[in-house]
Structures are given as structure tokens and as C-alpha cells.
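Enquirer:
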Amino acid sequence: MLRSIQDSLEPKLITLFRRQGYSRSDFIADAIAGLAVAIVALPLAMAIAIASNLPPERGLFTAIVAGFLISAHGGSRYQIGGPTAAFIVTVAMVAMKHGYEGLVLATIMAGVILIIMAFLRTGELIKFIPYPVIVGFTSGIALLIAFSQIRDFFGLSITTVPPDFIDKLSVYVAHLHETNFSAVLVALSSIGIIVLAKRYIPRIPGPIIVVTISALAVWGLNLPIETIESRFGAIPSMLPSPVWPEITFEKLRLLLPDAITIATLAAIESLLSAVVADGMTGTRHKSNAELLGQGVANIASGIFGGLPATGAIARTATNIKAGARTPVAGMMHAAWLFLFMLLLSPLIIKVPLAALAAILMVVAWNMSEIKHIREIMKAPRTDRIVLVLTFLLTVLVDLNFAIQAGIALASILFIDQMMKTTQIRAVESEENDPDSTSNKIIPHGVEVYEIQGPLFFGVAEKLVDTLMLFEKPPRIFILRMRYVPLIDAAGLHALEILQERLSEYTTHLILSGVNPQVHRFITSSHIDEKIGHENIVDHIDKALLRANEIMEEEN
């Protein structure tokens, strides 16, 4: 057991090195792939931090520290970690409510939660979050990200943008007359460059072309547009010293809901990214090791002045296409980013904010899940309801509540579907069924009913209500359970109530076709003592034989 846990938590890096070693050619390939990813990550990391209402260096710190540790300790061969657009809304809200120090503590708490999840081996459980919930909140986040960029996209002179969607809309409308058409031109041109670069020169990342050309254009033409420098000043060229935030019980209590939200989102995003990487390469990630790596990275990111981090799908795909071979590529991407920050800080601050807003607009469009939304809208009505509800709650309320409500609604609708598919009916003749009762002699006064489906709390009451179908109670009631794969506490209680009600009518209950697992639960709850051990059998022939014995005894 202990060995199994150790294997599931062992970093993919260690597993690969032990199994196949590491050559000079592997390092060269990883270094080149890491450089390609770093070029993509540089503008994105800054744009995500700015969109979260924080200085751009926070994004760089996160990409360097968390990016290195996610690759070094994670469970995916190709995963690239760092700040992602999915966190923008949550980070901005937490920072606004509790300040940056509160965000740091929430990030560290989220890291601890992720580590606990890893040791509890919950990595495989994330896959049970309903697909419409994931698409709903992802598309909702995409809309919120795009909406958060309107200020810089249009060059509006708004000092503080409220976090609420409706309030934000009102502020934008009130300031729309201040539109800076130079900023709009730069933003639209940036989107055009990204689209054209992807089509005609896919090997060169569009965002790095955008930040280079836009910075030169703003400087050369002296355009009246805000840049990183004009809003934030200079950015540091070194990582900050590690600092622990002040920790009190009251702060922990206040930040726990936000920490859970960050941890949940980090787990979902990182494991989805790992699954995408597996699909592109035919590899297989270690989900619990990935959660452990995410936990370690988020703790370190908080201590080094960063933001929450997770696996980034687009950067991971870039890593794979660039020819990465091992997690060293992700570690090299962090090293390259550190060099960029060390050597190019004076140039980085010349980037116009409108260009970064355009980059995030494209990211939001790629996150919008338009294709998957169309697919779900053709799915059953219950999936459509879950999708729309999760989307609306994400946009209008908050992500944490949206996930909880989406999962709860999906569970309720699933239970309702299970209730409808689980049937309790009188046994009729069935063709091609060797166990059909059509060729069997059923004594007078014996009723045979069958349950098809799990006997759980959703259908327990339906079982008891079966007795209302009889005008005159039978002498013997055989309940066939050959198609009952599982039973819960409510189902066991329903069997007990059924036995008690039948006893009032002096009717004997016989259970037929009980599988070993269900039989074990019936025995452990001592219901077999009330029904009678001899009245619980594994086949209909034995049930009918037992019915004849009872009738002979009473006659």
C-alpha cells in the first residue's frame, strides 16, 4: 500500500530518468522547446498579472518559480505551468477583498490543499466533474476575461474597474466616450497579427511578434497609449527574496473558501492540460503526482511574490510541438524567462497595454469552448440546463458557487434519470431469456416482481409503494434482484420496510437473484434475520421452490 502511494506521487522526471536516462541530445531538444515556450509565456504572464489588477512582474515571478517546480515535481511529461487566464477573475476578486498579502496566503493554503489531495489520491476523482460544468465555467471565465480587457483595449481612462460583471458594464458604458482610437488601432492590429502569424508563420509565436511590433510602433510614432512603464514603472530584473505572510486563525478562516476555489481550479486545469498532452503524444500522466507538483509550486509561488499557478494547455501544446522530450523542457522554460527578466527588463516595460489586452482577447476566444457548447446544446436537456446555469452563475455570481451549483444540479438530474431508468414491475414473459418465468409454474397466491437497476435512495420509496398495486396482498411476494448491481442505506431501509409491511398482511418475502455484494450488505445490516436466511436465494428456481415449501408448511 505504502509503495503504491509512493509510486503514484513520484515525479515524472524521476520516473523517466530512472527508466531511460538522459542524454545530451535530450537536453538540447528540451532547451530549444523551453525557449519556444518562454517566448510565448513572457507576454502572457505579464498580461495575466495586469488583467488581475496586479503588477506585471507578479506574473513573471509565477511563471519562473511555479513553472520550474510544476515540471520538476509534476506527473506529466510535457506539462508547462504558470499563471493562466482561468485564474484572472478569482485572483482579482481575492486581491480586491483581502489585498495582495491575502492572495499570497490563499495561494499557499491552496497549495497545501493540493498536496493533501495528492496524498489522498484524489487525482482520479477530478474526472467525475460533469463535462457540462467544466465547459460552462470555462466559457464563463472566457467571457469575464474578455470583458476585463475592454478598458485597455479601448484605452479608457478608468482608475478602478469594479469586479462585478453588471457594475463593470455600467462603468464601461459611462466611459465609452473616452475611447482612445490609437489604442483600438493597436489592439485590432495585434489581433490581426496573431491570426495571420498562426496561419502563415506558425513556428513563430504571434504574441512575441505583437509585443515587439507594437512597442516599436508606440515608441517610433509617439502614440498616446499607456504602456507597462507608464502605468507600473520599472519592473525588477531579479526574483524577490522569499517572504512568509502573516498567518492568523482569523485570516485562515476568511480565506479558506477562496483557497478551496483556487485549489479546485488548479486541479481541474492542470489535469485537463495533462490529459490534452497525453492525447497529443500517446503518453500517460500520473494524476496524483501532478497534484503534488501543483501544490508545491503554489506554495513557492506565494512565498516568492507570485500568483496561483496551474498547467497551461496552450503552452503545454507549444512545448510538445517544439519537440520537448522530458519535463526538463518546462524547467528550461522557467530558466529562459529568468534570463529574459534579467537582461530585457528595460525593453519589456515599453510594451503597450492595448497589445497585451489583445493577446488576452485571443486567449479568451480560444477558451470560449464554442465548439463544445454547440455539441452540448445538441445533447439531452439536462446537460443543456447544467451548462447554461454554470455559465450564468460564473459570470453573474462567482466561480466557486458556479462549480458547486453546477455539480449539485448535475448530480440531482443524474439521480432523476437513474430513478426513471430503474424499474420495479411485475415479471412478464421475455423471449430469449432462459430465466424467464414464462415456462415456470408459479403457484396461486404468489406474485413475482423484478427490480431493474440500482436500489438506492432515489427509488427506495418506489419499492415500498409497489404494495399499493395489490387489491389483495399475495401469500408470497418474490422480489427478483438479478439486475440490482448495488444497494445503499436507503435501499436497505426500503427492504426492511417492505418486509414489515408484508408481515402485517401475513405475506412472506423472498429475495431472488441477489448478487454477493448486495447480499453482503443485507447481511451486515441484519435484514436477513428479519426476512429469513432461507428466503434469500440466488436464482428464481430456488425462490419458487422455497415458495412451494412455505405453502406446503402452512397448508
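The sequence shown begins at 583 in my numbering and counts up one residue at a time.
Glycine is no exception: its CB is placed at the ideal position from the N, C-alpha and C atoms.
(1) In this structure, does DSSP put S812 in helix, strand or coil?
(2) What residue does the alpha helix (DSSP H) around E1032 start on, and which one ends it?
(3) What three-state label does DSSP hand T1089 in the structure shown?
(4) Who are the Cβ neighbours of Y1087 in its own chain at under 7 Å, not counting the five residues just before and after it?
(5) Could you pull out every residue in the same chain whose Cβ sits closer than 8 Å to the Cβ of N1117, ignoring the five residues on either side in sequence?
(6) What does the Cβ neighbour count give for A816, buried or exposed, with the cut at 16 atoms within 10 Å?
(7) For L1074 and A692, what's the separation of their Cα atoms in angstroms?
(8) CB H655 to CB L874, shorter than 9 Å?
(9) Would L1045 pass as an interface residue toward chain C - the criterion being a Cβ-Cβ separation below 9 Å?
(10) Candidates Q1099, F599, I1079: which alpha carbon is nearest I1109's?
(11) I'd like the list of long-range same chain contacts for S653, defined as Cβ closer than 6 Å, with 5 residues on each side in sequence excluded.
(12) Report the residue ranges of all alpha helix (DSSP H) runs contained in full by the region 787-867; include only those spanning at least 4 residues, in chain order.
(13) Please report the distance separating the alpha-carbon of K1022 from that of V1030.
(14) What separation, rounded to the nearest whole angstrom, lies between the Cα atoms of A879 and F886?
(15) Any idea what DSSP makes of F1038, helix, strand or coil?
(16) Tell me where the alpha helix (DSSP H) around F719 begins and ends.
(17) Look at the alpha carbon of Q731 and the alpha carbon of I775, and state the distance between them as a whole number of angstroms.
(18) When the Cα of Y754 is compared with those of P625, S764, L738, V766, which residue comes out closest?
(19) Locate the alpha helix (DSSP H) running through R963, then write down its first and last residues.
(20) With distance defined between alpha-carbon atoms, name the residue in K960, L1037, L974, D980 nearest to I997.
(21) Does the separation of the CB atoms of F735 and A779 fall below 9 Å?
(22) Count the other CB atoms within 10 Å of the CB of R601; is the residue buried (16 or more) or exposed (fewer)?
(23) Excluding sequence positions up to five away, which residues of its chain have a Cβ less than 6 Å from the Cβ of D840?
(24) Give the DSSP bridge partners of R1007, in chain order.
(25) What residues in its chain sit with their C-beta under 6 Å from that of G705, if we drop five residues either side in the sequence?
(26) When you compare only the Cα positions, how much space is there between A917 and I646?
(27) Helix, strand or coil, according to DSSP, for F736 in the structure here?
(28) Under 8 Å by Cβ, that's how I've got F1219 and P638 pegged, so tell me the actual separation to the nearest angstrom.
(29) I'd like the list of long-range same chain contacts for G888, defined as Cβ closer than 7 Å, with 5 residues on each side in sequence excluded.
(30) Excluding the five sequence neighbours on either side, which residues of its own chain have a C-beta within less than 8 Å of the C-beta of I790, listed in chain order?
(31) Under 8 Å by Cβ, that's how I've got S634 and V673 pegged, so tell me the actual separation to the nearest angstrom.
(32) Alpha carbon to alpha carbon, what distance is there between A845 and I716?
Expert: Short version:
(1) helix
(2) Counting along the chain, E1032 falls outside any alpha helix (DSSP H), though it belongs to the beta strand (DSSP E) covering 1028-1034.
(3) coil
(4) P1055
(5) H1090, L1091, I1092, L1093, R1128
(6) exposed
(7) 39 Å
(8) yes
(9) In summary, chain C is missing from the structure at hand, where a single protein chain is found.
(10) I1079
(11) P909, G912, M913
(12) 788-803, 810-814, 831-863
(13) 12 Å
(14) 10 Å
(15) coil
(16) 713-730
(17) 18 Å
(18) L738
(19) 963-978
(20) L1037
(21) no
(22) exposed
(23) V676, A688
(24) E1032
(25) S869, N870, L873
(26) 7 Å
(27) coil
(28) Any question about residue 1219 goes unanswered here, given that the chain covers just 583 to 1137.
(29) R640, F643, T644, V647, A648
(30) I621, V622, L624, P625
(31) 4 Å
(32) 15 Å
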